[in-house]
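Numbering (the working numbering), first residue to last: 231 to 824.
The beta carbon of each residue, even a glycine, is placed where N, CA and C say it ideally should be.
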Amino acid sequence: MKTLQRYLPILTWGRAYDRETATNDLVAAVIVTIMLIPQSLAYALLAGLPPEVGLYASILPLVAYAVFGTSRALAVGPVAVVSLMTASAVGEFTQQGTPEYLGAAIVLAFISGLMLMAMGFFRLGFLANLLSHPVISGFITASGLLIASSQLKHILGVSASGHNLYDILLSIGSKIGEMNPITFVIGFIATAFLFWVRKGLKKLLLGFGLNAFVADILTKAGPVAAVAVTTLVAAAFDLGEKGVRLVGDIPSGLPVPQLPSFDSELWLQLMPAALLISVIGFVESVSVAQTLAAKKRQRIEPDQELIGLGASNIASAISGGYPVTGGFARSVVNFDAGASTPAAGAFTAVGIAIATLFLTPLLTNLPQATLAATIIVAVLSLVDLGAIKRTFAYSKSDFTAMAATILITLFFGVEQGVVSGVVLSIALHLYRSSRPHTAIVGVVPGTEHFRNIARHTVATGSRVLTLRVDESLFFANSRFLEDKVYGLVAERPELEHVVLMCPAVNAIDASALESLEEINHRLSDSGVKFHLSEVKGPVMDRLKRTDFVEHLTGKVFLSQYEALCELDPATAHISEARSPKKTAQSDLWAGPEI
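Written as structure tokens, this is what we have:
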């Protein structure tokens, strides 16, 4: 039963489901459904797919997540970044608007689902850690700018193409003379209205005396109002005949479930893109889920989230949809509306299904410019230019990875951007790890604490050198440690003992072990004994499996103070004789590193 509950979380929360919980979930579902209908249509167009595909991707995936997901508030469905990545991936192999394009998008969702489920079953959620926060932040910022620029053609009413910022802007600029004035007016007004709704409507409604809950619902329904008004205007003035591009006929009815194409060549071509979409979608989704769960002191299971998202993508593919993941804005709305369990998502799926059956004829005259405005307003909220400044001030290496991700995503494409960001992050991490922070340390007078001689007033002796290394030892930094020790010993002809202080060493791999053996051997030839201190238990356990400790010319000390007392009692005596009160606090502390 425990295993079954792990893979089917619905068995856990479902047993305690009652009328009050159902009421909360229904209220949240109504609000999210109102928000999700225009979003689903808009994001499908962003992915280069017919608008009804967005609705299809918002029905069965929500039901699948309700069964397999662990977050009580996550709202699964089409999102902007994944829609852009879908368009980029599928657009490399076939033309938008063709049956082959739709078929490839469905296959992409199916492959992504299988990958996510496999990662979940094999507990590979840690792979998402390869995407550092600066890379994710940079990728989302660049994607937001790229998506917004790609929607300008719908605001202007021109035909344009391109997979990067340069090509998109160049294409739009070359067609600017063909702009449709009526389309531009609709797009501009809709965009301005939606920005105002997001920023100012709630304050206005609260000023009129509405309670916060009602004001929030009306604010979230802003895109629905824009859709309704512009659709009525387009129908009343027959704007389709005046060059305004409309959504057109949207087929009513639900999709017939069927398996996607099993073209081996297409599958192999789409696998790299599917892997990127899977990992990025999972990172975005689990970040939102963990944030919302923490607010209610709940927890999610990342590996089970992989299974839940995998099942959602497989369900999307079977029902004619495209890749989906947990959306930030929808999930926050779902949470704020009082969703208590994943059943809120299943109720939302029912609402979307009803809309697909009965409301799609009403959207025939919906201007594409309105959907473009919806996308632009939604994605520009993802652009965080302040993060660039903060990252630059804090870490130049992280800023380098972020800047590279942004620039490559904007000018070369989304897949190249995220891959380059990951590769650069790993390379920078290895570079930093290959040159770990080390410090010669001495004892703080009147204490048993050891600190960096460059930052503190400490007691040291000429016969003993204590080197603290602030990093685990592995193949990338083992040679650096050797060179560091040899250089320090060469500068001190009177030296008799070298102590490697290891409080921050969590692991020593085989390459580092060979380096330690070589250091021990070469110091022995120089008449210097080699010691270790403050070695952690698991590290010591591994060292005891070798003959390194037996051949060590010195000892392994439990504490550095114990090493000092035995190897240099005169310095230890000086430390004991001095009172801590005689050393000013300003002398003991000069910065954040210890």
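Checklist entry - Roughly how many angstroms separate the alpha carbons of Val-454 and Asp-493, rounded to a whole number? => result 39 Å
Next on the checklist: Relative to the C-alpha of Asn-543, which candidate in Thr-300, Pro-308, Val-779 and Ala-277 has its C-alpha closest?
Outcome noted: Comparing Cα-Cα distances from Asn-543 to each of Thr-300, Pro-308, Val-779 and Ala-277, the minimum goes to Pro-308.
Item to check | Cβ-based neighbour list, Gly-550, same chain, cut-off 6 Å, excluding 5 preceding and 5 following | outcome: Tyr-286 and Pro-485
Next on the checklist: Please classify Arg-665 as buried or exposed, where buried requires at least 16 other C-beta atoms within 10 Å of its C-beta.
Outcome noted: exposed
Item to check | Endpoints, alpha helix (DSSP H) assigned at Thr-578 | outcome: 573-588
Item to check | Best match in Leu-399, Gly-403 and Pro-597 for proximity to Ala-466 [C-alpha to C-alpha] | outcome: Pro-597
Item to check | Neighbourhood of Glu-701 by C-beta distance below 8 Å, restricted to the same chain and skipping five residues each side | outcome: Ser-663, Pro-666, His-667, Asn-707, Ala-734 and Val-735
Checklist entry - In terms of DSSP beta bridges, what is Thr-668 paired with? => result According to DSSP, Thr-668 bridges with Val-699.
Checklist entry - Which runs of the alpha helix (DSSP H), 4 residues or longer, sit entirely within the region 707-774? => result 708-720, 740-755 and 767-774
Checklist entry - Can you tell me where the beta strand (DSSP E) with Phe-705 in it begins and where it stops? => result Segment: none, Phe-705 is in no beta strand (DSSP E) and carries neither H nor E.
Checklist entry - Is the beta carbon of Leu-234 less than 8 Å from the beta carbon of Phe-298? => result no
Checklist entry - Where Val-648 and Val-607 are concerned, what is the direct C-alpha to C-alpha distance, given to the nearest angstrom? => result Their backbone Cα atoms lie some 23 Å apart in a straight line.
Item to check | Enclosing beta strand (DSSP E) for Phe-680 [first to last residue] | outcome: 680-682
Checklist entry - Residue range of the alpha helix (DSSP H) that Gly-616 falls in? => result 615-624
Next on the checklist: Given this structure, state the Cα-to-Cα distance separating Ser-342 from Pro-487, to the nearest angstrom.
Outcome noted: 18 Å
Item to check | Backbone secondary structure at Thr-521 - three-state DSSP | outcome: helix
Next on the checklist: Only counting the same chain, and skipping five residues up and downstream in sequence, which positions put a Cβ closer than 7 Å to that of Arg-808?
Outcome noted: The predicted model places Arg-808 with a pLDDT of 49, which falls under 50 and marks its position as unreliable; any figure quoted below should be read in that light. So the list reads Pro-675 and Gly-676, once near-sequence residues are dropped.
Next on the checklist: With DSSP as the reference, identify every bridge partner of Leu-476, one or two as the case may be.
Outcome noted: Pro-597
Checklist entry - How about the region 556-570 and the region 423-438: do they share at least three Cβ pairs that are nearer than 8 Å? => result The region 556-570 vs the region 423-438: no contact.
Checklist entry - For Asp-279, which residues from the same chain have a beta carbon less than 7 Å from its beta carbon, with the 5 sequence-adjacent residues on both sides left out? => result The question names Asp, but residue 279 is Leu in the sequence shown. If we look at Leu-279 and ignore the five residues flanking it on each side, its Cβ neighbours are Leu-332, Ala-335 and Tyr-552.
Checklist entry - Is Thr-635 helix, strand or coil when you go by DSSP? => result Helix.
Item to check | Whole-angstrom C-beta distance between Leu-500 and Ala-319, which should lie under 8 Å | outcome: 6 Å
Checklist entry - So Ala-464 and Val-474 are in contact, right, with Cβ under 8 Å, and what is the actual spacing, rounded? => result Sure, about 6 Å apart at Cβ, within 8 Å.
Item to check | For Val-304, the nearest candidate out of Cys-795, Tyr-791, Asp-255 and Gly-368 (CA to CA) | outcome: Position check: residue 304 holds Leu in this sequence, whereas Val was assumed. Per the Cα distances, Asp-255.
Checklist entry - When you compare each of Ala-669, Arg-685 and Tyr-716 to Val-699 by their alpha carbons, which one comes out closest? => result Ala-669
Next on the checklist: In this structure, how does DSSP classify Gly-470 when only helix, strand and coil are distinguished?
Outcome noted: helix
Next on the checklist: Rounded to the nearest angstrom, what separates Ala-740 and Pro-768 at their Cα positions?
Outcome noted: Straight across, the Cα-Cα distance linking Ala-740 with Pro-768 is about 15 Å.
Item to check | Within 8 Å, strictly: CB atoms of Thr-449 and Lys-472 | outcome: No. Outside cutoff.
Checklist entry - If you draw a straight line from the C-alpha of Leu-290 to the C-alpha of Ser-570, how long is it? => result Their backbone Cα atoms lie some 20 Å apart in a straight line.
Checklist entry - Terminal residues of the continuous alpha helix (DSSP H) containing Leu-794? => result 790-797
Next on the checklist: With three or more beta-carbon pairs closer than 8 Å as the criterion, would you say the region 413-420 touches the region 385-394?
Outcome noted: Segments in contact, yes.
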